[in-house]
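To start, the structure itself, in structure tokens.
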RNA sequence: GGACGGGUGGGUGAGUGGUUAAAGCCAACAGACUGUAAAUCUGUCACGCCUUGCGCGUUACGAAGGUUCGAAUCCUUCCCCGUCCA
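Residue numbers (my numbering): 2 to 303.
Written out as structure tokens, the structure reads:
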């Protein structure tokens, strides 16, 4: 299995396509937003017409108002990869969601899934008394509480949820290990082009999205009946367009914010991938012809 | 030529005698991340030093002087910038 990782806008899709084409592969998406239907322009989803007949998996698999998680991703990606291998083809995992990739290869701990009802209760409690969840967590699991910052409510909540549901401290469950993926030789590439150039590209791409139908896409999604509170609307680009439509931002203001958030996101992705073990660094954009050659050679020697 | 307003750290912009190496925001940089992760959160951000301490020293709020125990903050002169009047 080959993995093409990297920050947004580094040319992963293009590289993956070339690699898959050259080596008889099929692409498995590893992007937390491309799994949603109708969110196309802002997620830079490769149009079907540009896929050159190469199968792309795990794209457009859930509706915008459905909850999709890293655990769900991990399960489905494993099934998909197994299927591709069984057909004698090469799985080419491609995406920028480091957490999903880790859930896929390293696995998650064995524990309870999220519980909406419990979360609602916990959320209400936190709202009434900010900080109370973290204090509660430190009673159940001192270790976990020490590792999670009190301000990081989502992580505090998940830890607490697990403790309550499993009747065991999360940190104890962590110690049991993760259900890592086995049976595949995996070579992972991380695209890491010059940061300045990447940022310029991202800014330009973001502008193109705004000019190229992002706003209409948002209107369309809303017209299908999906609420603005749907998860994928929280992502940069979409969030700003929503604010634009609501009169909170001007067009220029929305664009600038979207660009800024995209840059920040790219930065965070780089931080993540820097910690990713055993990766092959590619100090360039994936749509660079020389890079394709270089990567193919490295895969061949693997 | 005259009348006001203003010149603050990479940017913006607070601060109008001490608790200010100077809020906030932006930019930049570093980091965390075990089921909504394009999310969420943390740290650094004048320079040097070490015994890394709510440590020491140096430099800093257009420039130069002055007042004061003490000035980004008050006074004087000068240099810029903006608006208005001639």
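Glycine included, every Cβ here is placed at the ideal spot set by N, Cα and C.
In this structure, residue 56 lies away from residue 40, with their beta-carbon atoms at least 8 angstroms apart. When Cβ pairs closer than 8 angstroms are counted between the two stretches, the stretch 233-252 is seen not to touch the stretch 270-283, the count staying below three.
By the neighbour-count criterion, in which 16 or more other beta carbons inside 10 Å mark a residue as buried, residue 53 falls on the exposed side.
Taking a C-beta distance under 8 angstroms as the contact criterion, residue 119 and residue 162 qualify as a contact pair.
Shortest Cα-Cα distance from residue 166 to any of 147, 114 and 203 involves 114. Secondary structure of residue 36 (DSSP, three-state): coil.
Taking C-alpha positions only, residue 160 is separated from residue 124 by approximately 13 angstroms.
Distance from residue 71 to residue 34 at the Cβ level is roughly 13 angstroms; contact not present, criterion being Cβ atoms closer than 8 angstroms.
Within 10 angstroms of the beta-carbon of residue 181 lie fewer than 16 other beta-carbons, which makes it exposed. In its chain, beyond the 5 residues on either side, 91 have a beta carbon closer than 6 angstroms to the beta carbon of residue 24.
The beta carbon of residue 258 lies closer than 6 angstroms to those of 241 in the same chain, with the five residues before and after it left out. Three or more beta-carbon pairs drawn from the stretch 273-292 and the stretch 179-197 are found closer than 8 angstroms, and the two stretches are therefore classed as touching. Counting along the chain, residue 234 sits inside no beta strand (DSSP E), nor does DSSP assign it H or E at all. Residue 29 is a Cβ neighbour of residue 59, given a cutoff of 8 angstroms.
Within the stretch 172-239, the beta strand (DSSP E) runs of at least 3 residues that lie entirely inside it are, in chain order, 188-192. In terms of Cα proximity to residue 6, the closest of 284, 169, 76 and 218 is 284. Per the DSSP secondary-structure output, residue 146 pairs with nothing in a beta bridge. Non-local beta-carbon contacts of residue 214 in its own chain, meaning distances under 6 angstroms to residues more than five positions away in sequence, involve 42 in chain order. A contact is defined here as three or more CB-CB pairs under 8 angstroms, and the stretch 287-294 fails this definition with respect to the stretch 210-228. The three-state reading of DSSP puts residue 95 in strand, counting E and B together.
Straight-line measurement puts the Cα of residue 101 at about 8 angstroms from the Cα of residue 32. For the options 15, 146 and 152, the alpha carbon positioned closest to that of residue 132 is the one of 152. For residue 126, the closest C-alpha among the options 220, 154 and 14 is that of 154. Of the other Cβ atoms in all chains shown, fewer than 16 fall within 10 Å of the Cβ of residue 51; this residue is therefore exposed. Residue 27 and residue 85 have their alpha carbons spaced roughly 7 angstroms apart. Selection 203, 172, 185 and 37 evaluated against residue 89 yields 185 as nearest (Cα-Cα). In this structure, residue 10 places its C-beta atom within 8 angstroms of the C-beta atom of residue 267. In the three-state DSSP reduction, residue 152 falls in the coil class, being neither helix nor strand. Nearest neighbour of residue 139 by Cα position, chosen from 234, 105 and 158, turns out to be 158.
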